[in-house]
Amino acid sequence: MRTLREINELRSTLRDYRQRGQRIALVPTMGNLHAGHLALIDCARKHADIVVSSLFVNPMQFGPGEDLDGYPRTFSADQAQLVEAGCDVLFAPTVSALYPNGLDAQTRVHVPEVGEGLCGGSRPGHFDGVSTVVSMLFNLVQPDIACFGEKDYQQLAVIRKLVRDLHMPIEIIGVPIVRAEDGLALSSRNGYLSEQERATAPALYRTLCALRDALESGEPADKVLDQGKARLYEAGFTPDYLELRDASLASVSPATRHAVLLVAAKLGPARLIDNLSVQLPTPAQTGINK
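Add 1031 to the 1-based position in the sequence shown for my numbering, that's all there is to it.
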């Protein structure tokens, strides 16, 4: 695996692959890799000849008081995992390489609608930071495909709209959530949890499963969501949001059948997110918009 830090070196390397007619996949990460990231690499290997992973803790997507300084940085371990996973190129730029004029003077990319509400509502500017750095990486790597995890459901929707709206010739592949044996969605921020909090954390997924079952059996959505928030508080979480949206992240309507439950909740110092697909029954049974 080649580890590159300079933009010109990245472009030169990828130009050689491209001239050979090789298909390129990109897997963007912020490092502190776990099995969920490695599933993205595995997916990329199945769809391309060359796999490029980026490792960059992007300051633009962190708001005031968030964990930019404390975000875990495990570069050597990440390198070793990527080599074992079969990654071909690691691009690990410095902040000054991507933002040479500083964040305040940086051109930003804003994706409307799908980036609003949910995490976009509680973390103002977060998705502008995500869409800006992803646009940069797409421009630098010019991949044929890019793989993103479905745990960050809203982020995936933002990136898909970004690619559609800007007519980028990139196939975006969503990779299913990788979970621990107890159901907790794998996340770099799980490392913030104490031993006791880690034992509590799987209640987030268990709650989503219970809510999904209730919704699919026809219980009214408002009632189910209220019960879900109460369950999370009782388990020790502080919910940020718990919402039911249609699969495109629009509001649920009487015609909605394919929906998604989305949750963000604080547990100790960690902000955990998760989601679960829901197949809604007929409108008369759901109590939606009645």
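We treat Cβ as the ideally placed atom computed from N, Cα and C, and that holds for glycine.
For this session: Please check the pair residue 1145 and residue 1206, which I expect to be a contact at CB under 8 Å, by giving their CB distance rounded to whole angstroms.
Result: About 19 Å separates the CB atoms of residue 1145 and residue 1206; that is not less than 8 Å, and the two are not in contact.
Exercise. Name the DSSP beta bridge partners of residue 1307, please?
Worked result: Per DSSP, the beta bridge partners of residue 1307 are 1292.
Problem set entry | Proximity of residue 1161 and residue 1137 at Cβ, strictly below 8 Å | Not in contact: residue 1161 and residue 1137 (Cβ atoms no closer than 8 Å).
Exercise. Measuring CA to CA, which of 1313, 1242, 1032 is closest to residue 1109?
Worked result: The alpha carbon of residue 1109 has as its nearest neighbour, out of 1313, 1242, 1032, the alpha carbon of 1032.
For this session: May I have the straight-line CA-CA distance separating residue 1157 from residue 1262, to the nearest angstrom?
Result: Cα to Cα, residue 1157 sits roughly 28 Å from residue 1262.
Exercise. Along the chain, where does the alpha helix (DSSP H) that runs through residue 1154 open and close?
Worked result: Per DSSP, residue 1154 is not a residue of any alpha helix (DSSP H), being assigned neither H nor E.
Problem set entry | Option nearest residue 1154 by Cα separation, candidates 1202, 1289, 1097 | It is 1097.
For this session: Excluding the 5 residues preceding and the 5 following residue 1031 in the sequence, name in chain order all residues of the same chain whose CB lies nearer than 7 Å to its CB.
Result: With the chain covering 1032 to 1321 only, the question about residue 1031 has no answer from this structure.
Problem set entry | Secondary structure of residue 1299, DSSP reduced to three states | Residue 1299 falls in the coil class under three-state DSSP.
For this session: Compare the beta carbon distance of residue 1086 and residue 1140 with 8 Å and say whether it is the shorter of the two.
Result: No, the Cβ-Cβ distance between residue 1086 and residue 1140 is not below 8 Å.
Problem set entry | Residue span of the alpha helix (DSSP H) that contains residue 1085, given as start and end | Careful: residue 1085 lies outside any alpha helix (DSSP H), inside the beta strand (DSSP E) at 1081-1086.
Exercise. Name the DSSP beta bridge partners of residue 1281, please?
Worked result: The partner list for residue 1281 (beta bridge, DSSP) is empty, contrary to what the question assumes.
For this session: With distances taken Cα to Cα, identify the nearest neighbour of residue 1150 among 1274, 1178, 1308.
Result: The alpha carbon of residue 1150 has as its nearest neighbour, out of 1274, 1178, 1308, the alpha carbon of 1274.
For this session: May I have the straight-line CA-CA distance separating residue 1238 from residue 1310, to the nearest angstrom?
Result: The alpha-carbon atoms of residue 1238 and residue 1310 are separated by roughly 17 Å.
Problem set entry | Inter-residue Cα distance where the pair is residue 1123 and residue 1191 | One alpha carbon belongs to residue 1123, the other to residue 1191, and they sit about 24 Å apart.
For this session: Assign residue 1035 to buried or exposed, taking buried as 16 or more other Cβ atoms, counted over all protein chains shown, within 10 Å of its Cβ.
Result: Residue 1035 counts as buried, since at least 16 other C-beta atoms from the protein chains shown sit within 10 angstroms of its C-beta.
Exercise. Around the Cβ of residue 1092, are there at least 16 other Cβ atoms within 10 angstroms (buried) or fewer (exposed)?
Worked result: Flag for residue 1092 reads buried.
For this session: Compare the beta carbon distance of residue 1041 and residue 1224 with 8 Å and say whether it is the shorter of the two.
Result: Against a cut-off of 8 Å, the Cβ pair of residue 1224 and residue 1041 comes out as no contact.
For this session: For residue 1298, I'd like the list of residues in its chain whose CB is within less than 7 Å of its CB, leaving aside the five on either flank, ordered along the chain.
Result: Result list for residue 1298: 1224, 1228, 1231, 1232, 1267, 1268, in chain order.
For this session: From the DSSP output, read off the bridge partner residues of residue 1057.
Result: For residue 1057, the pairing in a beta bridge is given by DSSP as 1083, 1177.
For this session: Establish whether the CB of residue 1275 and some CB of chain C are separated by less than 8 Å.
Result: Chain labels in this structure do not include chain C; a single protein chain is all it has.
Exercise. Using the C-alpha atoms, what's the distance from residue 1257 back to residue 1264?
Worked result: Whole-angstrom Cα-Cα distance: 11 Å.
Exercise. Mapping DSSP to helix, strand and coil, what is residue 1201?
Worked result: In the structure shown, residue 1201 falls within a coil segment according to DSSP collapsed to helix, strand and coil.
For this session: For residue 1034, verify whether its CB is less than 7 Å away from any heavy atom of the ligand SAH.
Result: No copy of the ligand SAH appears in this structure; indeed no ligand is present at all.
For this session: Can you give me the Cβ contacts of residue 1143 inside the same chain, cut-off strictly under 8 Å, excluding the 5 residues immediately before and after it?
Result: A distance below 8 Å between beta-carbons, with the five flanking residues on each side excluded, links residue 1143 to no residue of its chain.
For this session: For residue 1067, count neighbouring C-beta atoms within 10 Å of its own C-beta (all shown protein chains included) and say buried if the count is 16 or more, exposed if not.
Result: Counting Cβ neighbours within 10 Å, residue 1067 comes out buried, since at least 16 surround it.
Problem set entry | Supposed close pair residue 1131, residue 1057 - CB separation, criterion 8 Å | Rounded, the Cβ-Cβ distance is 22 Å, inconsistent with contact.
Exercise. What is the DSSP secondary structure of residue 1212, reduced to helix, strand or coil?
Worked result: Note: residue 1212 maps to coil in three-state DSSP.
Exercise. Given residue 1074, which residues of its chain have a CB within under 7 Å of its CB, disregarding the five upstream and five downstream residues?
Worked result: Closer than 7 Å at the Cβ level, and outside the excluded window around residue 1074, lie 1178, 1204, 1206.
Exercise. Which residues mark the beginning and the end of the alpha helix (DSSP H) in which residue 1044 is found?
Worked result: In the DSSP annotation of this structure, the continuous segment of the alpha helix (DSSP H) that includes residue 1044 starts and ends at 1038-1050.
Exercise. Can you tell which of 1290, 1235, 1120, 1063 has the C-alpha that lies nearest to the C-alpha of residue 1106?
Worked result: Residue 1106 has its Cα closest to that of 1063, out of 1290, 1235, 1120, 1063.
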